[in-house]
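Enquirer: Here it is, the structure in full.
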Amino acid sequence: MIWQPILLTLQLATLTTLILLVIGTPLAWWLARSPARWKEAVATVVALPLVLPPTVIGFYLLILLGPDGPGGWVASLWGARTLAFTFPGLVIGSVLYSMPFVVQPIRNAFEAAGDRPLEAAATLRASPLDRFFTVAVPLARRGFLTGAVLGFAHTMGEFGVILMIGGNIPGKTRVLSVAIYDYVETLQWTQAHILAGGMLVFSFTVILTMMMLEKRIGRGGR
Amino acid sequence: MRGDPVSRMEVRFRGALGRFALDVAFEVPARGITALFGPSGCGKTSVLRCVAGLQRLEGRFALDGDVWQDGRHFRPTHKRPIGYVFQEANLFPHLSVRANLLYGHRRTVGRGVPETIREADVVALLGIGHLLDRAPLNLSGGERQRVAVGRALLSQPRLLLMDEPLAALDRMSKDDILPYLERLHEVLSVPVLYVSHDIAEVERLADHLVLLRAGRVVANGPLAELQSDPSLPIARLPEAGVTLPAVVEGFEAAYGLTTLALDGGTLQVPGELGPPGSRRGIRIAASDVSLARRPPEGSTILNALPARILKAEPPDGVQMTAVVALGPAGTGARLLARVTRKSWDLLGLAPGEPVFAQIKGVALVQPGTGTDDPPD
Chain A
1 MIWQPILLTL QLATLTTLIL LVIGTPLAWW LARSPARWKE AVATVVALPL
51 VLPPTVIGFY LLILLGPDGP GGWVASLWGA RTLAFTFPGL VIGSVLYSMP
101 FVVQPIRNAF EAAGDRPLEA AATLRASPLD RFFTVAVPLA RRGFLTGAVL
151 GFAHTMGEFG VILMIGGNIP GKTRVLSVAI YDYVETLQWT QAHILAGGML
201 VFSFTVILTM MMLEKRIGRG GR
Chain B
1 MRGDPVSRME VRFRGALGRF ALDVAFEVPA RGITALFGPS GCGKTSVLRC
51 VAGLQRLEGR FALDGDVWQD GRHFRPTHKR PIGYVFQEAN LFPHLSVRAN
101 LLYGHRRTVG RGVPETIREA DVVALLGIGH LLDRAPLNLS GGERQRVAVG
151 RALLSQPRLL LMDEPLAALD RMSKDDILPY LERLHEVLSV PVLYVSHDIA
201 EVERLADHLV LLRAGRVVAN GPLAELQSDP SLPIARLPEA GVTLPAVVEG
251 FEAAYGLTTL ALDGGTLQVP GELGPPGSRR GIRIAASDVS LARRPPEGST
301 ILNALPARIL KAEPPDGVQM TAVVALGPAG TGARLLARVT RKSWDLLGLA
351 PGEPVFAQIK GVALVQPGTG TDDPPD
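Just so you know, the protein sequences line up as chains A and B, in that order. Every letter in the first sequence is one number past the one before it in full-length UniProt numbering, and letter 195, counting from 1, is 195. Every letter in the second sequence is one number past the one before it in full-length UniProt numbering, and letter 179, counting from 1, is 179.
Right under this line is the structure:
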């Protein structure tokens with residue numbers, strides 16, 4: 001029983017991080033390199049979850065994912081009524097609210113590497129895609145590491161948004177943070193202790209590992 | 001030389017460039033080293049970036065009939081067969097020296113481009129064999145720049161572009177790398193466009209010179225020709241002078257003097273400069289040449305050669321720079337002489353007049369073949 005929310009949370013965080021790396025990398029690249037002026041407006045939208053109360057994000061997500069929003073239309077493709085209170089809905093929500101934690105470090109890393117290594121690669125016959133993968137990404141690897149870890153960890157810990165759009169359905173949307181809340185509400189202190197303590201150890205390990213990895217990567221490059 | 005059907009490089013760019021407009025058009029031989037010379041901010045780096053396709057201005061570029069840019073046709077940088085050496089080496093920090101060297105090589109030779117410049121040769125030529133497994137971060141400035149030159153060469157360029165490759169180096173690193181560049185010049189047949197604002201560097205390396213000022217071409221021609229044109233700004237530099245080819249005629253062991261023959265006369269220079277018949281490049285500074293009406297008597301100056309005045313400028317300055325051509329008929333090599341306007345008037349000098357050019361100092365510009373090659 002106690003393992004179910006843990007597994008579900010790990011699934012959610014892993015999937016969210018992978019999706020964010022896939023869509024966040026080109027977004028970060030565009031934000032770092034485009035001369036377009038309105039890109040800062042896009043950057044602001046991406047950053048909104050940093051300041052908005054989770055309940056506000058959750059409220060709008062609920063409307064988006066619900067039967068009358070685009071989420072409802074998508075759900076109708078396989079005969080469901082809504083994406084709210086489903087695992088896919090949680091993934092969509094997590095991707096949106098964890099996005100700044102992934103996009104921002106990667107964008108910063110792309111900007112820090114600058115034009116010059118890319119120009120050198122271009123003069124050495126590397127096509128744009130070639131220099132992206134052989135120069136830009138390796139030079140930004142610290143940003144990728146930070147982004148992935150922060151995105152993963154933040155998704156693991158989110159509570160407000162999840163409660164708003166996912167509720168508390170065991171095995172489907174009942175993630176760790178919600179489960180802890182639940183155990184406390186029902187005075188099941190032992191279970192609450194196990195999960196909360198586990199999160200504490202997990203968070204400590206993640207941050208420590210990240211800092212050590214960063215140091216090691218930092219020695220190799222730049 | 002100039003009448004040969006030498007392949008040529010056609011350069012034409014115009015467009016806004018910060019504070020001024022760049023508007024250059026010149027044709028230079030596609031062989032040897034062509035220096036783009038001018039003060040900082042005159043647009044020489046922009047010209048180089050346009051040739052590389054790193055910057056796009058309206059214009060045209062063709063190398064030996066192969067058009068890289070014309071009208072709407074614009075070949076992107078990665079499809080141009082160039083090697084580019086940046087002012088700061090710009091090595092990839094995440095790759096080893098060897099991986100840096102082979103980055104372009106893999107993308108050309110690895111894709112079927114014939115390998116005319118081989119890794120082992122470049123490593124030996126630039127003396128970087130002991131650095132291959134190091135990270136760029138742990139190299140000195142001079143070493144980094146040598147690796148950058150090697151990396152550019154190994155991409156099998158048909159044109160090497162060098163943007164002040166020595167500007168970021170201190171004096172010692174410069175002296176360390178210049179012999180390698182000179183050797184490159186002797187060994188490789190790749191034409192080079194070399195941007196610099198250091199006349200000493202240009203005189204040491206260049207065959208051909210394009211003078212730029214505020215985005216425009218002031219002059220374009222063989223180095224020796226432009227050096228000896230007193231109407232050009234380089235002749236007014238305090239360090240103005242000419243570089244000339246010379247041939248060793250003999251060595252006077254009793255006094256330790258080598259006799260050098262140049263077009264229109266011979267010079268005696270301290271030191272043993274090589275076996276008779278070997279070629280040396282020499283530089284004679286304008287401030288080391290004075291003019292006399294009669295052959296000097298009772299003077300310690302060894303070298304006084306008959307010559308004829310061609311012209312002198314500016315006519316109203318305190319100092320004038322005169323061009324003289326060696327030989328009684330004035331048909332030989334050209335020298336610059338720095339004279340005061342007062343002595344010019346006192347001696348009644350004028351273009352066409354015969355004079356004696358007294359030469360106080362001669363410097364060698366290139367290491368001769370086989371005598372003092374750069375270390376490995």
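Backbone N, C-alpha and C fix where the C-beta goes; we use that ideal spot for every residue, glycine too. The model shown is predicted, which means the values in this text are computed figures rather than measured ones.
Can you tell which of B:G241, B:T258, B:L262 has its C-alpha closest to the C-alpha of Q268 of chain B?
Expert: Among B:G241, B:T258, B:L262, the Cα nearest to that of Q268 of chain B is on B:T258.
Enquirer: Residues of chain A with CB under 7 Å from S96 of chain B, in chain order?
Expert: The premise fails here: S96 of chain B is roughly 10 Å from chain A at the closest Cβ pair, so nothing lies under 7 Å.
Enquirer: Alpha carbon to alpha carbon, how far is V210 of chain B from A35 of chain B?
Expert: Approximately 6 Å, taken between the alpha carbons.
Enquirer: Between S34 of chain A and chain B, is the shortest Cβ-Cβ distance under 8 Å, so that the two count as touching?
Expert: No - not a single Cβ of chain B is within 8 Å of the one on S34 of chain A.
Enquirer: Straight-line CA distance for R216 of chain B to E186 of chain B?
Expert: Using only the alpha carbons, I get a separation of about 30 Å.
Enquirer: Buried or exposed: where does F92 of chain B fall if 16 or more other Cβ atoms within 10 Å of its Cβ makes it buried?
Expert: Answer is buried; the Cβ neighbour count reaches 16.
Enquirer: Distance, Cα to Cα, R204 of chain B vs E239 of chain B?
Expert: R204 of chain B and E239 of chain B: Cα-Cα distance of roughly 13 Å.
Enquirer: Assign G317 of chain B to one of two classes, buried (16 or more other C-beta atoms within 10 Å of its C-beta) or exposed (fewer than that).
Expert: Per the 10 Å Cβ criterion, exposed.
Enquirer: Could you list the residues in the stretch 125-141 of chain A with a C-beta less than 9 Å from some C-beta on chain B, going in chain order?
Expert: The stretch 125-141 of chain A vs chain B, Cβ under 9 Å: R125, A126, S127, P128, D130, R131, T134, V135, P138, L139, R141.
Enquirer: What span of residues does the beta strand (DSSP E) with S196 of chain B cover, start to end?
Expert: Where S196 of chain B is concerned, the enclosing beta strand (DSSP E) stretches over 192-196.
Enquirer: Tell me the residue span of the alpha helix (DSSP H) that contains E111 of chain A.
Expert: 87-113 is the span of the alpha helix (DSSP H), which, as asked, contains E111 of chain A.
Enquirer: When you compare the CB positions of E249 of chain B and A261 of chain B, do they come within less than 8 Å of one another, or not?
Expert: Yes. Within cutoff.
Enquirer: Here's a check: name, in chain order, each residue in its chain whose Cβ is nearer than 6 Å to the Cβ of P375 of chain B, leaving out the five neighbours to either side.
Expert: Per-residue confidence for P375 of chain B stands at a pLDDT of 39, beneath the threshold of 50, marking its modelled position as unreliable; the derived number appears in the next sentence. So no residue of the chain qualifies.
Enquirer: In whole angstroms, what separates the C-alpha of R107 of chain B from that of S155 of chain B?
Expert: Straight-line Cα distance between these residues: approximately 7 Å.
Enquirer: With a threshold of 8 Å on Cβ separation, who are the neighbours of D372 of chain B within its own chain once the five nearest residues in sequence on each side are excluded?
Expert: For D372 of chain B, the pLDDT reaches just 39, beneath the cut-off of 50, and the residue's location in the model is therefore unreliable, leaving the point undetermined.
Enquirer: To which residues of the same chain is C50 of chain B closer than 6 Å at the C-beta, ignoring the five residues directly before and after it?
Expert: Same-chain partners within the cutoff: F13, L57.
Enquirer: Determine whether the beta carbon atoms of V365 of chain B and R283 of chain B lie at a separation below 8 Å.
Expert: Their beta carbons are under 8 Å apart, which means V365 of chain B touches R283 of chain B by this criterion.
Enquirer: Run down chain B in chain order and give the residues with a C-beta less than 9 Å from the C-beta of E119 of chain A.
Expert: Here the neighbours are R49, A52, L54, T77, Y84, F86, N90.
Enquirer: Which of the three DSSP states is assigned to E158 of chain A in this structure?
Expert: E158 of chain A: coil per DSSP, three-state reduction.
Enquirer: Is any beta-carbon of chain B found at less than 8 Å from that of A122 of chain A?
Expert: Closer than 8 Å to some Cβ of chain B, the Cβ of A122 of chain A qualifies, so yes.
Enquirer: Is there a C-beta anywhere in chain A that falls below 8 Å from the one on Y103 of chain B?
Expert: Interface residue, yes.
Enquirer: Indicate the three-state DSSP secondary structure (helix, strand or coil) for N168 of chain A in the structure shown.
Expert: N168 of chain A falls in the coil class under three-state DSSP.
Enquirer: Taking the alpha-carbon of A152 of chain B as reference, which of B:A167, B:P191, B:A168 has the nearest alpha-carbon?
Expert: Selected option, being the one with the closest Cα: B:P191.
Enquirer: For L8 of chain A, count the other beta carbons within 10 Å of its own beta carbon; 16 or more makes it buried, fewer makes it exposed. Which is it?
Expert: Result: buried.
Enquirer: R107 of chain A CB to nearest chain B CB: under 8 Å?
Expert: No, R107 of chain A lies away from the interface with chain B (no Cβ there is under 8 Å from its Cβ).
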